[in-house]
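Peer 1:
In this note's numbering, the protein residues as written are 128 to 317.
Okay, here's the thing in structure tokens:
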């Protein structure tokens, strides 16, 4: 299954993913969206820490999804592996946000909602963009590679290969490598 995978060690906290997410979910779909009413809100959030680390947090589209199970109106639904909110069914009870283990659900006004009531906002996987062959907005905006879109298993394998190729030269120096590791490498060669 394709999904957005977060590599937090690459995030610099620029928040471009948040901006692009809000713009892509606006009515006019460009930077003038900041003048819309209601102001579009992002569905991904970047948390910064005191140590200057940043972490982009978004919905993980859990299986099973606690937010879906907790929603009394069935406004939280799953389609093609993506958990999303039907804004016209949401009653703003907050049950989904209370059970979300990642804190990925917020409440804001939405231009798609008929009544002007806050509704739950969460990552919808940019389902419209992906169906048109585009990348999710946050991935397209991320210049450091902290957010990638693709098959989860393939992305993890790719990252493992990158890390292994980066650090394998270090293991060639005798003073860095523990003796039992050198023995293991020698046994593998035979």
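Where is the CB? At the ideal position from N, CA and C, for every residue including glycine.
Beta carbon of residue 145, beta carbon of residue 166: below 9 angstroms?
Peer 2: No; because the gap between Cβ atoms is not below 9 angstroms, this pair is not in contact.
Peer 1: In the DSSP output, what is residue 228 paired with across the bridge?
Peer 2: Its beta-bridge partners do not exist; DSSP assigns none.
Peer 1: Distance, Cα to Cα, residue 128 vs residue 192?
Peer 2: 16 angstroms
Peer 1: Hey, would you say residue 183 sits closer than 9 angstroms to residue 269, going by beta carbons?
Peer 2: yes
Peer 1: Does the distance from the C-beta atom of residue 198 to that of residue 228 stay below 9 angstroms?
Peer 2: With respect to residue 228, residue 198 sits apart: the two C-beta atoms are not nearer than 9 angstroms.
Peer 1: In terms of DSSP beta bridges, what is residue 184 paired with?
Peer 2: 172
Peer 1: By DSSP, does residue 233 sit in helix, in strand, or in coil?
Peer 2: In this structure, residue 233 counts as strand in the three-state DSSP scheme.
Peer 1: When you compare the stretch 227–243 with the stretch 256–267, are there three or more beta-carbon pairs, one atom per stretch, that lie closer than 8 angstroms?
Peer 2: no
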